[in-house]
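To start, the structure itself, in structure tokens.
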Amino acid sequence: MSADFLYGVEVVLNGLMAGVLYALVALGFVLIYKASGIFNYAQGVMALFAALTLVGIMDGQVPFGHLINAIFGTDLHGFGWTVPAFAAILLTILVMILFAWCVHTFVFRHLVGQPPIILFMATIGLAYFLEGVGDLMWGSDIKTLDVGLPQGASLWIEDSTAFLGGDGFYGFFIDRLDVAATLVAAVLVAALVLFSQYTKQGRAMRAVADDHQAALSVGISLNFIWWLVWSLAGFVALVAGIMWGAKSGVQFSLSLIALKALPVLMLGGFTSIPGAIVGGLIIGVGEQLFEYLVGPSIGGATENWFAYVLALAFLVVRPQGLFGERIIERV
Amino acid sequence: MSALPAAGPEAAPSRPVLMELKNITLRFGGVEAIKDISFDIREGEIRAIIGPNGAGKSSMLNVISGFYHPQEGEVWFRGRRRPAMKPYQVARLGIARTFQNIALFDGMSVLDNVMTGRITHMKRGIFAQGVWKGPAEREEVANREAVERIIDFLEIQRIRKTPVGRLPYGLKKRVELARALAAEPKLLLLDEPMAGMNVEEKEDMSRFILDVNDEFGTTIALIEHDMGVVMDLSDRVVVMDYGRKIGDGTPAEVRANPEVIDAYLGVAHD
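Chains as they are written, first to last, in our numbering: chain A, 1296 to 1626; chain B, 12 to 281.
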């Protein structure tokens, strides 16, 4: 096989891995949108906030340390301990559940029945609020996140695929972190699908997504379900935050990945969990392949816009996305 | 007011009271939708609420199911005064309902829709469900069996896997009844179960309502426009007009009540 072709395959593989990360962010959007009709602009910031909190807890950082120091003239920085990754992740999950409760109780509970644009504006406000809180709580410097996931190129994959090519080919270069992210994402999606199909709460979630009145009449508490959905979205944000943070450090530009989730959602549909995954993979692969094949002849940097143009083309042909629910209405 | 007794002795002899509504008044702003209405629903009976459009029948049903909260009056259920409750809490007490304009989960299959009716019967926590084997699995199987019995009973086996959004109107009404029944309610509220149906569908629905009452002993309170149907189905009838109660008794008694004839039956009465 020619080296060019093999390199193309490697590009596709890496595109798939990148796509998994897009899909993880998109998944959080879908969860909330489906159950409450809220397009949560803050999903990316939630991923950032979760990652910041995780690093902060692991390093034993004092929350709001700068603020406390500034007000009381103290010199607090850290508790002087470190927390193991597993325990820190559990604590962060608790923080995200608490965050979900606050968001629902203080904001969206009072906006039930408002038009979607109002809800959307509220999430924009939430995004900036949360970014500010994250900054105030944990500081704004770039942090490294190491929860013990494997990092670096997989020598095993490289060695075992080297035979495919000739002299100039040393095997596929694949980051082990990407492989781990893919596995985690697969488990997460499987768990979410099982949860929504086969548990009482999952069924209630789907019911609320469909019809509020009917859900009430069978004994479902809307407030509980909305809290649950925001908690799940917070959990998904944490997973996405861990993966992105481990890959490129925990920094505030992390919140911008949320924007990449938009074309993913256009493709996959706003209401479909499998759609978010497939959409993410298509965007990931398309982006990398386009840059590899076409990029050099038009000056490169196509990753910045390719996803959006692809989404636009899709919107024209199939507005509900690949897996979005077609609205069936009998007349 | 009419000289009719509150409950005809031959209609529901010595049956215990399941729900009692005492002096209910409901206002929307300055409009009184319900004015000081009292009546009771006895165990095992089919109780109809009738009246012309805008009489406040649906409001009454919404008070019973907790969607509206009356400004005055008390709701007593199974011998206890019911405090102001949210609709989902009322559902958990064992009061199930259907809606005038059908409120189903259109994206889900018929089976899943009916399964949601069992939510009040699912007790296992999220962790037991995560483990799945053991208690959670037994519970799911038991619920599934109950649901299949109801699906058989209402003769909707053939459409069990169909998404509800694709069903014709008459079948949707039946699925909604199935979902309410799946909760094994102590009190079943039906808001115009036959509205918009053709004669054949109406006959089917009447038969199902009678069968449910017979076989499960379910107490039913229903609102209906079709007078013929109401008179055939119900044990006792409450008649409302402009938010007031103008009659209460067996179908025969209500038919003979001059005030009711004036307000409502005048044209249809033979």
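Yeah, the Cβ is synthetic: ideal placement off N, Cα and C, and Gly gets one too.
Chain-order list of chain B residues neighbouring L1511 of chain A: F78, K97, P98, Y99 and A102, by C-beta distance under 8 Å.
Of the residues B:Y79, B:E214, B:K134 and B:L32, the one whose Cα lies closest to the Cα of R103 of chain B is B:K134. Shown here, I167 of chain B sits in coil according to DSSP, grouped into three states, outside any helix or strand.
Q1356 of chain A is bridged by DSSP to A:G1373. A check of alpha carbon separations from V1390 of chain A across A:K1495, A:L1362, A:F1344 and A:A1365 identifies A:F1344 as the nearest.
Put simply, the CB of A1499 of chain A is near chain B, with a gap under 8 Å to one of its CB atoms.
Put simply, the CB of R190 of chain B is near chain A, with a gap under 8 Å to one of its CB atoms.
Between the alpha carbons of Y1493 of chain A and K213 of chain B lies a distance of about 35 Å.
Judged by DSSP in its simplified three-state form, R89 of chain B adopts coil rather than helix or strand. For R247 of chain B, the number of other beta carbons within 10 angstroms of its own is at least 16, and it is reported as buried. Secondary structure within the stretch 1444-1481 of chain A: the alpha helix (DSSP H) runs of 4 or more consecutive residues, fully enclosed, are 1450-1456 (chain order). Cβ atoms of S76 of chain B and I106 of chain B come within 8 Å of each other, at about 6 Å. Selection A:A1330, A:V1612, A:P1558 and A:M1561 evaluated against V1407 of chain A yields A:A1330 as nearest (Cα-Cα).
DSSP, read as helix, strand or coil, puts F50 of chain B in strand. Burial is judged here by how many other beta carbons sit within 10 angstroms of a residue's own beta carbon; Y1328 of chain A has at least 16 and is buried. For R1498 of chain A, there is no enclosing beta strand (DSSP E); the residue is found in the alpha helix (DSSP H) stretching over K1495 to D1505. The beta-carbon distance between L1322 of chain A and A1571 of chain A, rounded to whole angstroms, is 5 Å. This is short enough to meet the 8 Å contact definition. Where F1519 of chain A is concerned, the enclosing alpha helix (DSSP H) starts and stops at L1517 to S1543. In this structure the stretch 1371-1386 of chain A does not touch the stretch 1330-1342 of chain A; the number of beta carbon pairs closer than 8 Å is below three. Here DSSP, grouped into helix, strand and coil, assigns R26 of chain B to coil.
When the five nearest sequence neighbours on each side are left out, no beta carbon in the same chain lies closer than 7 Å to the beta carbon of S1543 of chain A. Contact annotation: L1517 of chain A and V1503 of chain A have beta-carbon atoms nearer than 8 Å.
In this model, E159 of chain B and G1563 of chain A are separated by some 34 Å (Cα to Cα). Residue state for D246 of chain B is assigned as coil, using DSSP reduced to three classes. By the rule that beta-carbons nearer than 8 Å mark a contact, L115 of chain B touches chain A. Of the residues assessed, G1447 of chain A falls on the exposed side of the cut-off, its CB having fewer than 16 other CB atoms within 10 angstroms.
Below the 9 Å Cβ cutoff, chain A contributes no neighbours of F219 of chain B, its closest Cβ being approximately 19 Å away. According to the DSSP secondary-structure assignment, S120 of chain B is paired through a beta bridge with B:P174. Contact between R171 of chain B and S120 of chain B holds, with the beta-carbon distance rounding to 7 Å and staying under 8 Å. In this structure, I231 of chain B sits away from R91 of chain B, with a CB-CB distance that is not shorter than 8 Å. Interface annotation, M133 of chain B: in contact with chain A, CB-CB separation under 8 Å. For M251 of chain B, the three-state secondary structure derived from DSSP is strand.
Take the alpha-carbon of H1372 of chain A and the one of L1431 of chain A: they are about 13 Å apart.
Per the C-alpha coordinates, the member of A:G1332, A:T1400, A:I1384 and A:S1512 positioned closest to M1353 of chain A is A:I1384.
Straight-line spacing of the CA atoms in E83 of chain B and V101 of chain B works out to 18 Å. Straight through space, the alpha carbons of F88 of chain B and P1358 of chain A are spaced by roughly 51 Å.
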